[in-house]
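Numbering (the UniProt record's numbering), first residue to last: 1 to 237. What follows is a short report on a single structure.
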Amino acid sequence: MERRRGGCLVCGRELVYSEKAREMTCVFCGKKEQSQASCRDGHYVCDACHARKGLDVIRDFCRETKLRDPVAVAQRIMEDPYIYMHGPEHHVLAGAALLAAFCNSGGQLDLEKALSLMEERGSQVPGGACGFWGCCGAGVSAGIYMSIVTGATPLGGRSWGLSNRMTARALAAIGEIGGPRCCKRDTFTAIREAVDMTREELGVEMELPRKITCAFSEENPQCRRGSCPYYDRGNNR
Ligand SMILES: [Zn+2]
Ligand SMILES: [Zn+2]
Numbered sequence: 001m002e003r004r005r006g007g008c009l010v011c012g013r014e015l016v017y018s019e020k021a022r023e024m025t026c027v028f029c030g031k032k033e034q035s036q037a038s039c040r041d042g043h044y045v046c047d048a049c050h051a052r053k054g055l056d057v058i059r060d061f062c063r064e065t066k067l068r069d070p071v072a073v074a075q076r077i078m079e080d081p082y083i084y085m086h087g088p089e090h091h092v093l094a095g096a097a098l099l100a101a102f103c104n105s106g107g108q109l110d111l112e113k114a115l116s117l118m119e120e121r122g123s124q125v126p127g128g129a130c131g132f133w134g135c136c137g138a139g140v141s142a143g144i145y146m147s148i149v150t151g152a153t154p155l156g157g158r159s160w161g162l163s164n165r166m167t168a169r170a171l172a173a174i175g176e177i178g179g180p181r182c183c184k185r186d187t188f189t190a191i192r193e194a195v196d197m198t199r200e201e202l203g204v205e206m207e208l209p210r211k212i213t214c215a216f217s218e219e220n221p222q223c224r225r226g227s228c229p230y231y232d233r234g235n236n237r
């Protein structure tokens with residue numbers, strides 16, 4: 001997992017990497033773990049605290065935003081330094097952005113409760129599920145979104161069908177583009193499919209940008225650039 005922004009999460013100073021991992025103490029919880037990275041002042045944030053902060057960022061933004069465009073919601077959240085370039089927080093992020101935009105577009109939903117369910121369920125989808133299980137977590141997140149919105153359970157009828165079809169549709173679009181994984185590209189793709197399916201099946205009209213443009217290419221060493229549908233040809237070499 002790569003850390004975006006490059007700076008220390010506590011003081012903003014440059015991060016330095018030691019050649020060998022050494023014991024670091026998390027500034028938030030005091031846990032000691034082996035790591036190679038800290039800032040010049042020695043600040044270190046453990047993985048668990050980093051993940052917790054990332055989830056808080058997602059929830060706080062989705063709770064407050066009035067945006068009807070879930071891609072815009074996702075992009076704003078992705079700007080936060082607690083959100084990695086790639087990481088399992090996207091398994092919550094995609095669905096949470098959809099829930100907020102759905103709610104802001106007239107969809108009937110207890111947003112507070114929905115965001116809690118999204119966090120609980122999305123957090124159970126492990127990193128790397130895309131490559132190892134054949135189901136990208138951002139795609140699964142769209143399915144979780146559909147499940148929450150329609151109140152699906154394993155005993156549901158139409159809601160059960162819609163939820164499974166949502167995941168399938170998102171994964172088909174994600175798989176069609178092909179790898180290597182990019183949590184930004186896969187999130188945008190899952191959201192786009194969910195917006196279309198929500199309009200078609202539930203009659204709720206969210207917004208989408210005319211063209212989705214990614215601002216994260218420079219931070220992704222595996223970016224497919226010209227062969228990614230969201231690559232910004234204008235701003236990148
Ligand atoms: Zn620092
Ligand atoms: Zn910690």
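Note that CB positions come from ideal geometry on N, CA and C, so glycine has one too.
- Counting other Cβ atoms within 10 Å of its Cβ, residue 95 reaches 16 or more and is therefore classed as buried.
- Under the criterion of beta carbons closer than 8 Å, residue 162 and residue 201 qualify as touching, at roughly 6 Å.
- Apart from the 5 residues on each side of it in sequence, residue 137 sits with its Cβ closer than 7 Å to the Cβ of 88, 90, 91, 125, 129 and 130 in its chain, given in chain order.
- In the DSSP assignment, residue 36 falls within the unbroken beta strand (DSSP E) covering 32-39.
- At a threshold of 7 Å, residue 43 counts as near ligand 1, since its beta carbon sits closer than that to one of the ligand's heavy atoms.
- Per DSSP, reduced to three states, the secondary structure at residue 181 is coil, with no helix or strand assignment.
- Boundaries of the beta strand (DSSP E) harbouring residue 22: 15-25, taken from the DSSP string.
- A straight-line Cα-Cα distance of about 29 Å links residue 45 and residue 99.
- Set against 7 Å, the gap from the CB of residue 26 to the closest heavy atom of ligand 1 is not smaller.
- Rounded to the nearest angstrom, the Cβ distance from residue 28 to residue 11 is 13 Å, too far for a contact under 8 Å.
- Rounded to whole angstroms, the separation of the alpha carbons of residue 188 and residue 32 is 36 Å.
- Distance from the CA of residue 139 to the CA of residue 191, rounded to the nearest whole angstrom, comes to 8 Å.
- Per DSSP, reduced to three states, the secondary structure at residue 7 is strand.
- Taking a contact as a CB-CB distance under 8 Å, the pair residue 151 and residue 141 does not count as one, their CB atoms being some 17 Å apart.
- In the displayed model, residue 207 falls within coil according to three-state DSSP, outside both helix and strand.
- The straight-line gap separating the alpha-carbon atoms of residue 81 and residue 219 is approximately 12 Å.
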